[in-house]
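Peer 1: Count along the sequence shown from 1, add 4, and you get the number used in my numbering.
The C-beta atom is built at its ideal place from N, Cα and C for all residues, glycine as well.
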Amino acid sequence: MPTMNMLQAINNALDIAMAEDDKVLCFGEDVGVFGGVFRATSHLQEKYGRARCFNTPLVEQGIIGFANGLAAQGSVPVAEIQFADYIFPAFDQIVNETAKYRYRSGDLFNVGGLTIRTPYGGGIHGGLYHSQSPEAYFTHTPGLKVVVPRDPYQAKGLLLAAIRDPDPVIFFEPKRLYRASVGEVPEEDYQLPIGEAEIIKQGSDITLVGWGAQMEVIGKAVELAEEAGIACEVIDLRSLLPWDVETVADSVFKTGRLVVTHEAPLTGGFAGEIAAAIQERCFLYLESPIARVTGMDTPFPLALEKEYFPDHLKIFAAIQHSVNF
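1. On the DSSP bridge list, what partners appear for His266?
2. On the DSSP bridge assignment, give the partners of Met219 in chain order.
3. Nearest by alpha-carbon distance to Ala165: which of Val186, Ile323, Gly131 and Ser243 is it?
4. So if DSSP puts Val80 in a beta bridge, which residue, or which two residues, is it bridged to?
5. Buried or exposed, going by whether 16 or more other CB atoms sit within 10 Å of the CB of Ile20?
6. Tell me which residues share the same chain as Val330 and place their Cβ nearer than 6 Å to its Cβ, disregarding the 5 neighbours each side in the sequence.
7. Using the beta-carbon count (16 or more within 10 Å), is Arg108 buried or exposed?
8. Scan the stretch 125-188 and note each continuous beta strand (DSSP E) run of 3 residues or more that stays entirely inside, going in chain order.
9. Measuring straight from C-alpha to C-alpha, what distance separates Tyr141 and Arg121?
10. For the putative contact between Val82 and Ile167, defined by C-beta atoms under 8 Å, what is the C-beta separation to the nearest angstrom?
11. How is the beta strand (DSSP E) around Thr211 delimited, first residue to last?
12. Using C-beta distances below 7 Å, list every residue in its chain close to Ile91, excluding the 5 sequence neighbours before and after it, in chain order.
13. Along the chain, which unbroken stretches of the alpha helix (DSSP H) at least 4 residues long are found entirely within the stretch 63-113?
14. Quick check on Phe42: does DSSP put it in helix, strand or coil?
15. Do you know offhand how far Asn328's Cα is from Gly126's?
16. For Leu228, name the three-state secondary structure that DSSP assigns.
17. With distances taken between CB atoms, is the gap from Val252 to Ala201 smaller than 8 Å?
18. Please look up how many angstroms separate the CB atoms of Ala80 and Lys27, rounded, as I've assumed it's under 8 Å.
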């Protein structure tokens with residue numbers, strides 16, 4: 005089985021999807037000859053031509069408006085927003101058009117073939133406008149699916165599933181791991197289920213939940229916890245809309261404790277939704293308050309990036325506090 009980093013896995017998934025279906029189109033800022041700012045679309049224009057992999061003007065609202073129109077006419081567009089920080093100019097098109105197209109037309113029309121790829125998160129010293137994690141904004145909008153892979157294997161399998169999904173999908177890619185995360189990835193076509201969490205480690209003392217780049221951070225915290233004699237159960241949600249509440253609840257029934265972590269700020273972050281849902285289902289089984297370890301309620305800081313991050317030491321402190329409550 006070949007070894008790939010996350011960018012290579014994403015490129016491989018796009019290559020497979022474009023080879024299989026000539027309705028699949030890739031477009032965005034600099035995705036053509038340049039291959040995208042991170043090179044996720046390298047060589048696709050060379051292989052499939054300028055009509056199927058092409059640059060757009062620097063106008064995110066226009067990219068998604070154009071993608072909506074293509075999808076409504078039967079194409080399968082994969083639109084790239086160069087950084088998730090710049091998805092906000094397209095917010096109206098996504099939440100008012102992409103998400104509602106099927107419902108407002110009584111299912112006469114839909115844009116279910118649309119996938120929006122975008123790199124998110126910090127850790128590359130990108131400052132205010134290249135480091136944000138805006139996933140929670142979109143989980144508030146019925147009609148969308150929100151997916152976040154953690155490694156190359158997931159990135160390929162989930163992206164192929166997203167491209168073939170009957171609903172529009174926003175695919176957040178943890179850019180800090182684009183080249184840092186390397187692993188074995190099957191050459192052949194495969195898909196991973198959207199909406200199903202993965203239990204990546206069994207444990208009996210506490211449940212840890214995260215997604216995307218935070219899974220690597222959780223892994224380091226678990227090592228510290230195990231040295232302290234604490235057995236952690238680790239769950240990667242993989243998709244936030246829909247999210248797999250049953251798997252998380254079943255785990256909390258067993259452990260009685262829950263820590264949720266994400267890079268986005270605390271207030272309005274998706275950890276709050278998880279905490280509320282699990283509290284409703286598991287209240288009588290909880291041995292301690294549900295803990296959230298997140299970014300801070302500030303604009304993402306360049307000079308204090310390390311301090312902003314919900315790192316493994318903060319997660320380990322939350323584990324200790326919960327276990328000793």
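Peer 2: Let's see:
1. Thr298
2. Answer is none; Met219 lacks a bridge partner.
3. Ser243
4. Val28
5. buried
6. This structure cannot speak to residue 330, because the chain is shown only from 5 to 329.
7. exposed
8. 149-151, 173-178 and 186-188
9. 16 Å
10. 6 Å
11. Ile210 to Gly214
12. Glu64, Ile85, Thr122 and Pro138
13. 64-76 and 105-108
14. coil
15. 31 Å
16. helix
17. yes
18. The identity of residue 80 in the sequence shown is Val, whereas the question assumes Ala. That belief holds up - the Cβ atoms of Val80 and Lys27 are roughly 5 Å apart, short of 8 Å.
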